[in-house]
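> According to the numbering used here, the residues represented by the sequence shown are 25 to 158, in order.
Note that beta-carbon positions come from the ideal geometry of N, C-alpha and C, so glycine has one too.
Since this is a predicted model, take the numbers as computed values, not measurements.
Sharing a structure, written as structure tokens. Questions coming.
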Amino acid sequence: MTGEGTVTSVSHNTATVLICKSSACSHNCSDCSACSNSSYETEVLNPIGAKCGDRVLIEAGTRTVLGISLLVYMLPVFFMIAAAAFCDAFSLSRLYTVLLFALLISLWIGIIRLVNFKTKAKSSIIRVLTDSKD
């Protein structure tokens, strides 16, 4: 998976890149609240030595993107089904189902934070599109 952005700062072998959302945007702002945050910064590896102001192409591994998508979207659904099945198997009330689901969602948030910490700067700059002096 690739994307374009502008290098805003460089530190050792990493760079901070400002990425503007565009490809998934239908520009129908009344239907979507994403326009309130139309760009974001991310830290990426900088093996080619891009400089501040360079427009760059960055790449994230497809396996990483798919794994994170599965974690973010499917794990809560699995937790909800598991909580319902567990409580049904042991004839527990709905209150216990809700409490177990809340506990599992807390676990999910912890897993998301851990994965976010461990995958930081896994994307990499693969090409400079335009130099800062152009």
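State buried or exposed for Ile171, treating a residue as buried only when at least 16 other CB atoms are found within 10 Å of its CB.
Absent from the model: residue 171. The displayed extent of the chain is 25 to 158, so no value can be given.
> Judging by CA-CA distance, which residue of Gly134, Ser62, Thr121, Ile105 is the nearest neighbour of Ile43?
Position 19 of the sequence shown holds residue 43. Comparing Cα-Cα distances from Ile43 to each of Gly134, Ser62, Thr121, Ile105, the minimum goes to Ser62.
> Reducing DSSP to helix, strand and coil, say where Leu69 ends up.
Indexing the sequence shown from 1 puts residue 69 at position 45. Strand, per DSSP.
> Could you spell out the range, first to last residue, of the beta strand (DSSP E) harbouring Cys44?
In the sequence shown, counting from the first residue as 1, residue 44 sits at position 20. Segment 38-44, the beta strand (DSSP E) holding Cys44.
> Give every residue of the same chain whose Cβ lies closer than 7 Å to the Cβ of Val139, excluding the five residues on either side of it in the sequence, and list them in chain order.
Locating residue 139 in the sequence shown gives position 115, counting from the first residue. So the qualifying residues of the chain are Ile92, Leu95.
> What residues in its chain sit with their C-beta under 7 Å from that of Ser156, if we drop five residues either side in the sequence?
Taking the sequence shown and counting its residues from 1, the one referred to as residue 156 is at position 132. If we look at Ser156 and ignore the five residues flanking it on each side, its Cβ neighbours are Lys75, Cys76, Gly77, Asp78.
> Once you ignore the five residues that flank Leu124 on each side, which residues in its own chain have a CB closer than 7 Å to its CB?
Walking along the sequence shown from the start, residue 124 turns up at place 100. Only Ala107, Phe110, Cys111 meet the Cβ criterion.
> Please name the residue, chosen from Thr86, Thr26, Thr32, Trp132, that lies closest to Met98 on a Cα-to-Cα basis.
In the sequence shown, the residue the question calls residue 98 occupies position 74. The candidate whose alpha carbon is nearest that of Met98 is Trp132.
> Quick check on the DSSP output: the beta strand (DSSP E) that includes Gly29 runs from which residue to which?
As a position in the sequence shown, residue 29 is number 5, starting the count at 1. Per DSSP, Gly29 belongs to the beta strand (DSSP E) from 26-35.
> For Leu116, name the three-state secondary structure that DSSP assigns.
Indexing the sequence shown from 1 puts residue 116 at position 92. Coil at Leu116, not helix or strand.
> Could you say which of Ile82, Gly73, Pro71 lies nearest to Glu65 if we only look at CA atoms?
As a working note, residue 65 is residue 41 in the sequence shown. Nearest C-alpha to Glu65: Ile82.
> I'd like the list of long-range same chain contacts for Thr3, defined as Cβ closer than 7 Å, with 5 residues on each side in sequence excluded.
Residue numbering for the chain in the displayed model covers 25 to 158; residue 3 lies beyond these limits and cannot be assessed.
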